[in-house]
Amino acid sequence: MRRKLAAGNWKMNGTGASLAEIEALAEAHPTPRSEVLICPPATLIAQMAWEAKGGPVMVGGQDCHAKASGAHTGDIAAGMLKDAGASHVILGHSERRADHGETDADVRAKSEAAIGAGLIAVICVGETEAQRDEGDTLKVIGTQLAGSVPDAATAANTVIAYEPVWAIGTGRTPTLDQIAEVHDFIRAELAKRFADADGIRLLYGGSVKPSNAAEIFATSNVDGALVGGASLKAADFGAIIAALDAA
Ligand code: PEP
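Count along the sequence shown from 1, add 1, and you get the number used in the numbering used here.
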C-alpha cells in the first residue's frame with residue numbers, strides 16, 4: 002500500500018509570520034491518514050521544522066546542490082537541509098529547470114546527493130504546452146524520468162511528481178484521462194528499472210485546489226499532490242488533505 006502524500010510548495014513566498022499557517026494546519030488536521038509535507042523557502046526550514054516537531058507536518062527544501070560543500074555561493078547542500086530538519090527536497094521543478102537551466106543530469110546528480118544525505122527526493126517531470134500539442138508528452142516524460150531519476154531510487158527515498166508546465170499556477174488542469182495516461186505511463190517506466198516501482202508514490206501537480214482535488218485523487222496511480230498556490234493557506238491546503246484522506 003502506498004501512503005498518500007500531500008506536499009505543499011511555497012516557492013518564494015512566506016516569512017516568519019507564515020508559520021502561523023502551519024500551526025493552523027496542524028491544529029485542524031492533527032492525525033491525517035495521509036502524509037503532509039510543506040516545502041517553505043530555505044529561510045523558514047529550520048524554524049518550521051522546530052515548530053512542527055512531533056506533529057503531522059513534515060518539512061522539505063525546494064532545491065539542493067549536488068555537492069556536499071564548497072565554493073557555491075548562495076547554494077544549499079542536501080546535508081544542510083537535513084541538518085535544518087528537512088525530510089524531503091523537491092528537485093527538478095519546472096521553475097528550476099526554466100529559471101536556472103537545470104538539466105536532467107543536474108536533477109539526477111542533485112537527487113543522488115539528496116538520497117545520500119538521507120532525504121526523500123521529490124523529483125518533478127512535466128511537459129510544456131507546446132510539447133503536449135505536438136503529441137510528445139509521453140516521450141518527454143520518459144526522457145525526463147530516464148535522465149533525472151537515479152539508479153539509487155527506491156520507494157522509500159523517492160517520490161515522482163508529474164507537473165505539466167502549462168498547468169502550474171494557471172488554473173488549468175489536464176483532463177482526468179490525461180492525468181491517468183501519464184501516471185500509468187510513469188508507473189510502467191519505473192517498473193522497467195526498479196524492483197519496488199509499485200511502491201514509489203506518484204504525485205500530480207498543477208492547479209490542484211479544494212474544488213478539483215477529490216476527482217484528481219480518484220484517478221489511476223495518483224498517490225497525492227504537489228500543490229503550489231493552494232498550499233499557502235491552511236484552510237485550502239487542509240481541504241486538499243481532507244480530500245486525500247477520503248480518497
Ligand atoms: C507547483 O509549483 O508545484 C504547483 C503545482 O503550483 P500550483 O499548484 O500553484 O499550480
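Even for Gly, the Cβ is constructed at its ideal location relative to N, Cα and C. Quantities reported herein were computed from a predicted structural model and do not represent experimental measurements.
Buried or exposed (CB count within 10 angstroms, at least 16 for buried), residue i
i: Ser-112; result: buried
i: Arg-34; result: exposed
i: Asp-237; result: buried
i: Trp-167; result: buried
i: Gly-127; result: buried
i: Gly-62; result: buried
i: Arg-133; result: buried
i: Arg-4; result: exposed
i: His-94; result: buried
i: Gly-239; result: buried
Cβ shell of residue i (< 6 Å), same chain only, five flanking positions each side left out
i: Leu-92; result: Val-108, Lys-111, Ser-112, Ala-122, Ile-124
i: Gln-48; result: none
Residue of the options minimising C-alpha distance to residue i
i: Thr-250; options: Arg-173, Ala-115, Ala-106; result: Residue numbering for the chain in the displayed model covers 2 to 248; residue 250 lies beyond these limits and cannot be assessed.
i: Ala-85; options: Val-126, Cys-40, His-73, Gly-102; result: Cys-40
i: Gly-230; options: Arg-4, Asn-10, Lys-5, Leu-6; result: Asn-10
i: Thr-16; options: Leu-227, Gly-56, Thr-44; result: Thr-44
i: Phe-186; options: Met-81, Thr-138, Val-58, Ile-241; result: Thr-138
i: Arg-173; options: Gly-148, Glu-190, Lys-210, Lys-54; result: Lys-210
i: Glu-190; options: Pro-175, Ser-208, Ala-147, Tyr-163; result: Ala-147
i: Gly-119; options: Thr-176, Arg-188, Ala-78, Thr-171; result: Ala-78
i: Pro-31; options: Ile-23, Ala-72, Pro-57, Ala-87; result: Pro-57
i: Leu-227; options: Leu-233, Asp-178, Glu-164, Leu-177; result: Glu-164
i: Ser-212; options: Ala-198, Ile-242, Met-59, Ile-23; result: Ile-242
i: Pro-175; options: Ala-154, Ser-208, Ala-196, Gly-239; result: Ser-208
i: Thr-171; options: Val-37, Glu-28, Glu-130; result: Glu-130
i: Ser-221; options: Lys-234, Gly-239, Ser-232, Asp-199; result: Asp-199
Neighbourhood of residue i by C-beta, 8 Å cutoff - its chain only, sequence neighbours within 5 removed
i: Ala-215; result: Ala-244, Ala-247, Ala-248
i: Leu-20; result: Leu-45, Gln-48, Met-49, Glu-52
i: Val-150; result: Arg-109, Ser-112, Ile-124, Thr-159, Ile-161, Leu-191, Arg-194
i: His-73; result: His-66
Own chain residues within Cβ distance below 7 Å of residue i, not counting five before or after
i: Val-223; result: Ile-180, His-184, Leu-203, Tyr-205, Ile-217
i: Ala-115; result: Cys-65, Ala-79, Val-90, Leu-92, Ala-122
i: Ala-219; result: Ala-248
i: Val-141; result: Glu-128, Gln-132
- Task: Enumerate, from N- to C-terminal direction, the unbroken beta strand (DSSP E) stretches of 3 or more residues contained entirely within the segment 176-219.
- Result: 202-206
- Which residue spans inside the segment 90-171 form an unbroken beta strand (DSSP E) run of at least 3? 121-126, 159-163
- Task: Mind listing, in chain order, the continuous beta strand (DSSP E) runs of no fewer than 3 residues lying wholly within the segment 57-85?
- Result: 58-62
- Would you mind listing the beta strand (DSSP E) stretches within the segment 6-52 that are 3+ residues and don't spill past its ends, in chain order? 6-10, 36-40
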